[in-house]
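To start, the structure itself, in structure tokens.
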Amino acid sequence: MAKEKSVSRRNFLKIGAVGAFATLSSTLFGSLTSFQKSANAMDKHQVHAGLNTQLHEGMKHGFVPSSEQTVGYKAAWDALTNFDYGKVSTLPNGQTFREYEITARETEVEISKGIKFPGWAYNGRIPGPTIRCTEGDLLRVKFKNLSAHPHSIHFHGIHPTNMDGLEAIAPGGEFVYEFEAKPGGMHLYHCHVAPLARHIHKGLYGNFIIDPKKPRAAAREFNMVMNGYDLDLDGENEVYTVNGYAFAYMQEAIKVKAGELVRIYLSNLTEFDLINSFHLHANFFNYFATGADPEARPNYTDTIMQCQGERGILEIVFPVPGKYMFHAHQSEFAELGWMGFFVAE
Ligand SMILES: [Cu+2]
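Position one of the sequence shown corresponds to residue 3 (the working numbering), numbered consecutively onward.
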């Protein structure tokens with residue numbers, strides 16, 4: 003059983019890699035679907051053999067980096083550098099008031115060139131917008147469920163339990179979440195409607211950054227959400243990414259300056275696999291788990307792991323110019339899409 007599964011995942015490995023870099027046609031996935039449908043009537047080995055034949059056809063094109071910037075690819079870059087500070091105003095008591103609007107709806111997203119995922123997305127993107135504010139701000143999040151399924155938004159942090167997102171909002175329904183942002187740190191949000199793993203895996207999640215009142219040191223900042231996609235609904239992921247698109251930062255390295263402070267807000271929203279990880283080549287970084295304790299001593303390392311829903315802040319200085327690889331240290335995840343480069347100039 004275990005052997006069969008690993009064969010199956012290796013097949014997808016090739017699909018993911020080819021899809022990211024070369025000319026995998028949608029017909030490959032069309033055929034895959036028909037294979038899935040007929041799987042019950044066939045011996046599993048026959049299914050794998052059939053997939054292999056098609057994959058070898060696809061692999062003939064080789065690993066040619068794509069110059070085409072697809073929608074999902076652009077979304078991954080958007081997720082990396084865009085923070086949503088909301089519509090900002092000041093209340094009579096001097097408190098900063100931030101208003102956000104978040105929708106949930108069925109959204110087909112591109113997760114690699116030629117591979118589409120029938121997702122559920124907040125504001126049309128997987129991961130959803132990175133909500134950002136400062137500790138003590140009053141947040142009002144207007145949630146509209148535009149999908150055919152009940153959903154909610156469950157924020158991590160300290161807030162009243164009636165704002166906790168446990169109540170499912172029916173299709174077409176709305177809910178206003180309102181609470182004070184605390185504690186400062188690196189948090190996240192996700193749908194909290196059962197079956198939970200399915201609702202989260204479909205794409206309903208994002209990062210939630212509460213800056214401490216005493217600002218962190220100035221830095222070049224990036225947002226990263228680690229995730230996985232189960233394409234054949236067997237409870238195992240076939241594609242892994244950072245910010246939703248396989249190998250996005252392999253196609254184009256993330257540019258930084260040697261000597262500057264780089265800060266990464268990293269979370270793990272992978273379902274079905276218990277942990278995910280981040281490994282940096284040729285350098286070390288400081289890791290602040292959750293980042294909520296200003297007195298906490300960071301972990302100085304080159305590899306950290308996060309359980310599902312865990313998150314933290316990485317602070318990196320690239321000492322000299324060069325191309326620094328980063329990836330999940332689960333080799334399989336790396337080869338299935340979770341791999342990239344920083345280029346320090
Ligand atoms: Cu949901």
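No residue lacks a Cβ here, since even glycine has one placed at the ideal position from N, Cα and C.
Indicate the three-state DSSP secondary structure (helix, strand or coil) for ALA87 in the structure shown. To locate residue 87, count along the sequence shown from 1; it is residue 85. Residue 87 is actually Tyr in this sequence, not Ala. In the structure shown, TYR87 sits in coil (DSSP, three-state: anything other than H, G, I, E or B).
Contact between the stretch 270 to 277 and the stretch 224 to 232: three or more CB pairs below 8 Å? yes
Rounded C-alpha distance that separates PHE23 from GLU254: For the purposes of this step, residue 23 is taken as residue 21 along the sequence shown, with counting starting at 1. For the purposes of this step, residue 254 is taken as residue 252 along the sequence shown, with counting starting at 1. Summary for PHE23: the model assigns pLDDT 39, below 50, so the residue's position carries little reliability, and this model does not support an answer.
Rounded C-alpha distance that separates GLU347 from ALA219: Along the sequence shown, read from residue 1 onward, the residue named residue 347 stands at position 345. Along the sequence shown, read from residue 1 onward, the residue named residue 219 stands at position 217. So the two alpha carbons sit approximately 21 Å from each other.
Around the Cβ of PHE328, are there at least 16 other Cβ atoms within 10 angstroms (buried) or fewer (exposed)? The residue given as residue 328 occupies position 326 in the sequence shown. Looking at its Cβ environment, which holds 16 or more other Cβ atoms inside 10 Å, PHE328 is buried.
Evaluate the contact criterion for the stretch 179 to 191 versus the stretch 135 to 149: three or more CB pairs, one atom per stretch, below 8 Å. Contact annotation: the stretch 179 to 191 touches the stretch 135 to 149, with at least three C-beta pairs closer than 8 Å.
Those runs of the alpha helix (DSSP H) which lie wholly inside the stretch 222 to 268 and span at least 4 residues: 250 to 253
Touch check for the stretch 207 to 216 and the stretch 119 to 133: three-plus C-beta pairs under 8 Å? Yes: at least three Cβ pairs fall under 8 Å.
Straight-line CA distance for VAL244 to TRP122? Numbered from its first residue, the sequence shown carries residue 244 at position 242. Numbered from its first residue, the sequence shown carries residue 122 at position 120. Straight-line Cα distance between these residues: approximately 17 Å.
What three-state label does DSSP hand TRP122 in the structure shown? Against the sequence shown, residue 122 aligns to sequence position 120. The three-state secondary structure of TRP122, taken from DSSP, is strand.
Taking all protein chains shown into account, do 16 or more other C-beta atoms lie within 10 angstroms of the C-beta of VAL322, making it buried, or fewer, making it exposed? By one-based count along the sequence shown, residue 322 stands at place 320. By the 10 Å Cβ count, VAL322 comes out exposed.
Taking all protein chains shown into account, decide if CYS309 is buried (16 or more other Cβ within 10 angstroms of its Cβ) or exposed. Counting from 1 along the sequence shown, the entry for residue 309 is found at position 307. Its Cβ having fewer than 16 others within 10 Å, CYS309 is exposed.
Quick one, which of ALA298, LYS146, PHE224 has its alpha-carbon nearest ALA81's? Mapped onto the sequence shown, residue 81 falls at position 79. For the residues ALA298, LYS146, PHE224, the minimum Cα distance to ALA81 belongs to PHE224.
Should the stretch 235 to 251 be regarded as contacting the stretch 274 to 287, the criterion being three or more beta carbon pairs within less than 8 Å? Contact check between the stretch 235 to 251 and the stretch 274 to 287: three or more CB pairs, one atom from each, fall below 8 Å, which counts as touching.
Nearest to ARG265 by alpha carbon, out of ALA78, MET252, ASP213? Residue 265 sits at position 263 when you count from the first residue of the sequence shown. Of the listed residues, the one whose Cα sits closest to ARG265 is ASP213.
Considering only heavy atoms of ligand 1, does any lie closer than 7 Å to the CB of LEU206? The count along the sequence shown starts at 1 and reaches residue 206 at position 204. It does: the Cβ of LEU206 is within 7 Å (strictly closer) of some heavy atom of ligand 1.
How about VAL195: is its Cβ closer than 7 Å to a heavy atom in ligand 1? As a working mapping, residue 195 is identified with position 193 in the sequence shown. Result yes, Cβ under 7 Å from ligand 1.
Does PHE335 have its Cβ less than 8 Å from a Cβ in chain C? Within the model displayed, chain C is absent; a lone protein chain is all it includes.
Are the beta-carbon atoms of PHE335 and ILE306 separated by less than 8 Å? Indexing the sequence shown from 1 puts residue 335 at position 333. Indexing the sequence shown from 1 puts residue 306 at position 304. Not closer than 8 Å, so no.
From what residue to what residue does the alpha helix (DSSP H) around PHE335 run? Indexing the sequence shown from 1 puts residue 335 at position 333. It spans 333 to 337 - the alpha helix (DSSP H) in which PHE335 sits, taken as one unbroken run.
For HIS47, is the classification buried or exposed, using 16 other Cβ atoms within 10 angstroms of its Cβ as the cut-off for buried? For the purposes of this step, residue 47 is taken as residue 45 along the sequence shown, with counting starting at 1. Residue placement at HIS47 is flagged as unreliable, the pLDDT there being 38, under the threshold of 50; a coordinate-derived value is accordingly withheld.
Going by alpha carbons, who is nearest to ILE113 out of PRO94, GLY293, TYR87, ALA78? By one-based count along the sequence shown, residue 113 stands at place 111. Minimum Cα distance to ILE113 is reached at ALA78.
Let me check understanding here. Comparing Cα to Cα, which of ASP86, ARG100, PRO300 lies closest to THR92? Counting from one through the sequence shown, the residue named residue 92 turns up at place 90. Nearest option by C-alpha distance: ARG100.
Using CA atoms only, rank isn't needed, just tell me which of ASN278, HIS156, PHE181, ASN84 is closest to ARG142. For this step, residue 142 is matched to residue 140 along the sequence shown. Closest option to ARG142, Cα to Cα, is PHE181.
Is the Cβ-Cβ distance between HIS194 and LEU168 less than 8 Å? Mapped onto the sequence shown, residue 194 falls at position 192. Mapped onto the sequence shown, residue 168 falls at position 166. In this structure, LEU168 lies closer than 8 Å to HIS194 by Cβ.
Under 8 Å, do PHE343 and TYR242 count as touching if we go by C-beta distance? Within the sequence shown, numbered from 1, the residue matching residue 343 stands at position 341. Within the sequence shown, numbered from 1, the residue matching residue 242 stands at position 240. No, the Cβ-Cβ distance between PHE343 and TYR242 is not below 8 Å.
If we ignore side chains and look at the alpha-carbon of each, how far apart do ALA1 and HIS158 end up? Lying before the first or after the last residue shown, residue 1 is absent from the chain, which here runs from 3 to 347.
Confirm, please, whether the CB-CB distance from SER154 to ALA170 is below 8 Å. Here residue 170 corresponds to residue number 168 of the sequence shown, with the count starting at 1. Here residue 154 corresponds to residue number 152 of the sequence shown, with the count starting at 1. Taking 8 Å as the Cβ cut-off, ALA170 and SER154 qualify as a contacting pair.
If you run the structure through DSSP and keep just helix, strand and coil, what is ASP80? Indexing the sequence shown from 1 puts residue 80 at position 78. Residue state, collapsed to three classes: helix.
Does DSSP put HIS329 in a helix, a strand or coil? Translated into the one-based positions of the sequence shown, residue 329 becomes position 327. HIS329 falls in the strand class under three-state DSSP.
Does ARG299 pass the burial test, meaning 16 or more other C-beta atoms within 10 Å, or should it be called exposed? Along the sequence shown, read from residue 1 onward, the residue named residue 299 stands at position 297. Classification for ARG299: exposed.
By Cβ distance below 6 Å, which residues in the same chain neighbour PHE31 in space, the five residues on each side in sequence not counted? Working through the sequence shown from its first residue, we reach residue 31 at position 29. Summary for PHE31: the model assigns pLDDT 39, below 50, so the residue's position carries little reliability; its value from the coordinates is reported in the next sentence. Answer for PHE31: no residue qualifies.
Buried/exposed call for LEU282, threshold 16 Cβ in 10 Å: Walking along the sequence shown from the start, residue 282 turns up at place 280. It is buried - the Cβ of LEU282 has at least 16 other Cβ atoms within 10 Å.
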